[in-house]
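With full-length UniProt numbering applied, the sequence shown corresponds to residues 1 to 179, in that order.
All C-beta atoms in this analysis are idealised placements derived from N, C-alpha and C, irrespective of residue type, glycine included.
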Amino acid sequence: MDCEPATKEEQPQVPIDDETIEMPGAYPQTSQIQWSDVRYASASSPPPPPPQPPLQQQQQQQQRAPAAAGDPAVGRLLEWSAGIDRSIAEINRKLDFLLLETKDFRGMEAHYRALLRERTPAGTALPDACRRLDAHAQSVLEVAWRLDGTAKQFEVLALDLERLREGSEVTVSIKPGRK
């Protein structure tokens, strides 16, 4: 079974921001699962089966009981088959969860894409306004750091002036009886 490479027209195109992105199918693609060999199924202990409704459990036991009683190979085959059934049920549960998560994410993505297309009251696109706000916030932080440095320098200079006044203070006394 040879697969030919896809032509340029058949290749998926990367959507532009204005285009809506749709999910490619009902389920996300998954890799193929390598099942264990039936000959080695009895050597490994399979995980416990998920709880089943009583009616289904009874029907499965009735179907398997006559066949497993006669041949041990059939019993191993049935164990192997049950392990695969449990694996498939677990995979389907995980795929359903991934599908729900993907749908939620697509909805959230569409919501935020619509928000990003909105314009501010000044007519600026929201992403541009956010970038400008980030730049202004950075400028404000830089000014605050400089102001803090200047305030510290002012405190140091005020202390130096105070020390100079105390150290070089001259006391002048005038004697009243002098002529």
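Residue i, buried or exposed, once every other Cβ within 10 Å from all chains shown has been counted against 16
i, result
"W145", "exposed"
"C83", "In the sequence as presented, Cys is not what sits at residue 83; that position holds Gly. Under this definition G83 is a buried residue."
"D160", "exposed"
Proximity to residue i [Cα-Cα], best of the options
i, options, result
"A122", "L99, D104 and R132", "R132"
Local conformation of residue i per DSSP, three classes
i, result
"S31", "The predicted position of S31 is uncertain, since its pLDDT is 49 and thus under 50; a value taken from the coordinates is nonetheless stated next. Reduced to three states, the DSSP call for S31 is coil."
"residue 181", "Given that the chain is displayed from residue 1 to residue 179, the structure contains no residue 181 and the question cannot be resolved."
"D128", "helix"
"D85", "helix"
"P176", "coil"
"D71", "coil"
Any chain C beta carbon closer than 8 Å to residue i
i, result
"T120", "In summary, chain C is missing from the structure at hand, where a single protein chain is found."
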